[in-house]
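Undergrad: Residue numbers (the UniProt record's numbering): 1 to 866. One structure coming up, written as structure tokens, with questions to follow.
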């Protein structure tokens, strides 16, 4: 560090200490300080200190006079403070003296208020004591009246005492109030007991003698019945007393009189102030009942004060009116129109009784007027309830004894169909058997015949059998004059309007028609009118239902006739026509249970539903032709939807039965398993299994034959046969290959099924047959020319039947026979090309001959068309 810097160090420190100045020169601020420099700096600091002290002393000497003045002023201020303290103490002492005066004054005011309240309390106490004394005196007087049996006066005194006690401004829990309250209660109970005794004396109920006596007063007692009513009001028991009196009158007098279930009904009599039961009623008419009720009402009005009468009537009439309506008047409502005269008389009596109640200002008239004004509605409800109950009871009796029915229909049919009907004795009406065409099942209208008479068969037998079942189709009929048509019709035995089945039963087979017959056939009309009929069995249920519906419509028709407008239930006619819908709805809802209890119940249900629908359709036709009803009544019968519902209802039962039987058959045939490849199934076991199926089908066929018409029976049975055939055909095609033994076994099984052919052998009704006018005099088989071969109709009702038979033929044939069946016979009519090729591959080993046969078959897929 330079010498100048060392000399300035002391001054730098002084500037920094006095002014806080920091050296700006870096040489000074960053200089290194050693001991000599510090000593020099301290000397500078000492000099600065001395200068500062001198300056302070000089300033102190200059300000000394001012300081003395300040001290003088401070002493003056202190004296002022002392005087102010003394003055404040004096003020505080004066304020404290004023508070003492105020407190003394407040104590005097409080004492004055106390004296005022004390005087008020004494006045209130005096008032309460006088009130308590008054209540006590009233209770003494009430007790005195009770002891003298002056009950009403006692009640008045007791009521006054009770009111005064309630106005006393004392807590109820105080001893004196509790004592008075307890005394009031005990006295009230005592007087109430006395009053109850008096009331029972005034209203005397003698249950043993069935007698009620009403006394206006009591000998030796000042209380009468009017005063007793006042007592009831005082005790607030007027309504309870009226209710009790009504219950006594009802138990003693009215219940025995209004009980129709009782063996004897007594009369109601009045003698003086007594109401009692007399001798038994000779007639149980509504008129006699109303006379007795009027007697009771007049007796009550004459002997009971009006105030209790009003309450009594309000309790009495709702119960009594309901009982009369339910027990007497509802039973008077007829369930039909036969007793309408008596019903009109009952309505007049009820209206007259209601008018008398209104004149007497007695409640209940509105109830009876409503019954009269609602007569049509009430009668309709009774008719509906009775009819539905009767229908329900009829259904609960079960199907009863089966009854035979016949369905007859006249329509235009084809000539060849007439031949078929003559041969089978059955109808083929489409609307009759729509339900039988279920899920692809055979329809009885599709006629083709099959044969299984146990005769030996060859490879041509199936073809001949199919051709034997073909129906001849005549050529179109040209226009002819009337004489030609009449002559042709006479030649065919088609008469004027006689029984159609008798006309064509022995018509010749088409294959045997000679030239003369062909000319006649050509000239004959292609269609003719025939009356077709089928007999079947129904249960007893549909006739009961039909008779009920018919009776309802008969009553409705009677009510709609102009001359019957005076009948009181005529307004119910339109609603009455809706009752058959409810009857049929109940039949459909309940009957299936009762049908299910009988074997073949579903088939009975089907027949019954069809019978009902036909009868209703016939009824509709007859209804629209009636001339004794107004035009508006024609549209009130709406049975068309019901007939459709009935048909659907019957078809559903028929379908359900077939579905159930097909399920059983399918299960007996192994279900989802292949019948010919079941586990542990040998040839003998398959034979037994197919026997079980055949027995089941025959059992069902025998059961249904006793119920269904032939066409429906054949269709249903054909459905079961078709189920077997379909299952076996499907299982054969599902086999991987068929050996010789297996083919023989399979064909044997199929032949067992073919034995069902005998179920479908036509059984014409002898009554529906007549000798044919055209007999073929040449016989091709050497038998009687008048005897036609019987051909089963299995294929007509089982569309897989011929396919199953051809399948059996194929399984027993060699390759040459298979080609013959395809090209010369009718195998192509029932099998597709691919199905036959599959059978060939299953039955024969692949070689050149098989390949050649397959190629020929594929090249000619429709040989019969060629």
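Every residue, glycine too, gets a C-beta built ideally from N, C-alpha and C.
Run through DSSP, which three-state label would residue 208 get?
TA: coil
Undergrad: Report buried or exposed for residue 341, applying the criterion of at least 16 other Cβ atoms within 10 angstroms of its Cβ.
TA: It is exposed - the Cβ of residue 341 has fewer than 16 other Cβ atoms within 10 Å.
Undergrad: Quick one: what's residue 529 bridged to in DSSP?
TA: Paired residue(s): 412.
Undergrad: Nearest-angstrom Cα distance between residue 612 and residue 595?
TA: 16 angstroms
Undergrad: Buried or exposed, going by whether 16 or more other CB atoms sit within 10 Å of the CB of residue 397?
TA: exposed
Undergrad: Measuring CA to CA, which of 196, 267, 265 and 22 is closest to residue 232?
TA: 196
Undergrad: Given a cut-off of 7 angstroms on the beta-carbon distance, is the pair residue 529 and residue 412 in contact?
TA: yes
Undergrad: If you compare alpha carbons, which of 834, 714, 331 and 356 is closest to residue 346?
TA: When each option's Cα is compared against that of residue 346, the closest is 331.
Undergrad: Can you tell me which of 61, 555 and 792 puts its alpha carbon nearest to the alpha carbon of residue 762?
TA: 792
Undergrad: When the Cα atoms are used, what is the spatial distance from residue 556 to residue 364?
TA: 33 angstroms
Undergrad: Just the Cα atoms here: how many angstroms apart are residue 409 and residue 614?
TA: 10 angstroms
Undergrad: Quick one: what's residue 538 bridged to in DSSP?
TA: Looking at the DSSP assignment, residue 538 forms a beta bridge with 403.
Undergrad: Please list the terminal residues of the continuous alpha helix (DSSP H) segment that includes residue 305.
TA: That residue, residue 305, is in no alpha helix (DSSP H); it is neither H nor E in DSSP.
Undergrad: From this set, 645, 616, 603 and 636, which residue's C-alpha is nearest residue 656's C-alpha?
TA: 603
Undergrad: Please report the distance separating the alpha-carbon of residue 561 from that of residue 337.
TA: 13 angstroms
Undergrad: Write down the C-beta distance between residue 248 and residue 212 rounded to the nearest angstrom, noting that I regard them as a contact closer than 8 angstroms.
TA: 7 angstroms
Undergrad: Given this structure, state the Cα-to-Cα distance separating residue 62 from residue 78, to the nearest angstrom.
TA: 27 angstroms
Undergrad: How is residue 761 classed by DSSP in three states: helix, strand or coil?
TA: coil
Undergrad: Helix, strand or coil for residue 363? Go by DSSP, reduced to three states.
TA: coil
Undergrad: Kindly confirm or deny that the region 848-858 and the region 810-825 touch, where touching means at least three C-beta pairs closer than 8 angstroms.
TA: yes
Undergrad: Expressed to the nearest angstrom, what Euclidean distance is found between the alpha-carbon atoms of residue 733 and residue 605?
TA: Between the C-alpha atoms of residue 733 and residue 605 there is a straight-line separation of about 38 angstroms.
Undergrad: Ignore the nearest five residues each way along the sequence and tell me which others in residue 14's own chain have a CB closer than 8 angstroms to its CB.
TA: 44, 45 and 48
Undergrad: Assuming residue 586 and residue 392 make a contact with CB atoms under 8 angstroms, what is their CB distance in whole Å?
TA: 7 angstroms
Undergrad: If distances are taken between C-alpha atoms only, which option among 646, 251, 697 and 700 comes closest to residue 208?
TA: 251
Undergrad: Counting pairs of Cβ atoms below 8 angstroms between the region 634-649 and the region 694-705, do you hit three or more?
TA: Segments in contact, no.
Undergrad: Determine the DSSP secondary structure at residue 739, reduced to helix, strand or coil.
TA: DSSP places residue 739 in coil when its eight states are reduced to three.
Undergrad: Rank 284, 278 and 320 by C-alpha distance to the C-alpha of residue 297 and give the top, closest one.
TA: 320
Undergrad: Between 845, 864, 42 and 583, which has its C-alpha nearest residue 832's C-alpha?
TA: 864
Undergrad: Apart from the five residues on each side of it in sequence, which residues of its chain come closer than 6 angstroms, Cβ to Cβ, to residue 650?
TA: 606, 609 and 610
Undergrad: Could you check what DSSP says for residue 854 in three-state terms: helix, strand or coil?
TA: Judged by DSSP in its simplified three-state form, residue 854 adopts helix.
Undergrad: Go to residue 378, then tell me how far its alpha helix (DSSP H) extends in each direction, as first and last residue.
TA: 375-396
Undergrad: For residue 307, I'd like the list of residues in its chain whose CB is within less than 6 angstroms of its CB, leaving aside the five on either flank, ordered along the chain.
TA: If we look at residue 307 and ignore the five residues flanking it on each side, its Cβ neighbours are 229.
Undergrad: Check whether the region 565-579 and the region 619-627 touch, using three or more Cβ-Cβ pairs below 8 angstroms as the test.
TA: no
Undergrad: So is residue 867 buried or exposed if we call it buried at 16+ other beta carbons inside 10 Å?
TA: No information on residue 867 is available, as it lies outside the stretch 1 to 866 that the chain covers here.
Undergrad: Are there 16 or more other CB atoms within 10 angstroms of the CB of residue 848, so buried, or fewer, so exposed?
TA: By the neighbour-count rule (16 or more Cβ atoms within 10 Å), residue 848 is not buried but exposed.
Undergrad: Using only CA atoms, which one of 246, 263 and 284 lies nearest to residue 314?
TA: 246
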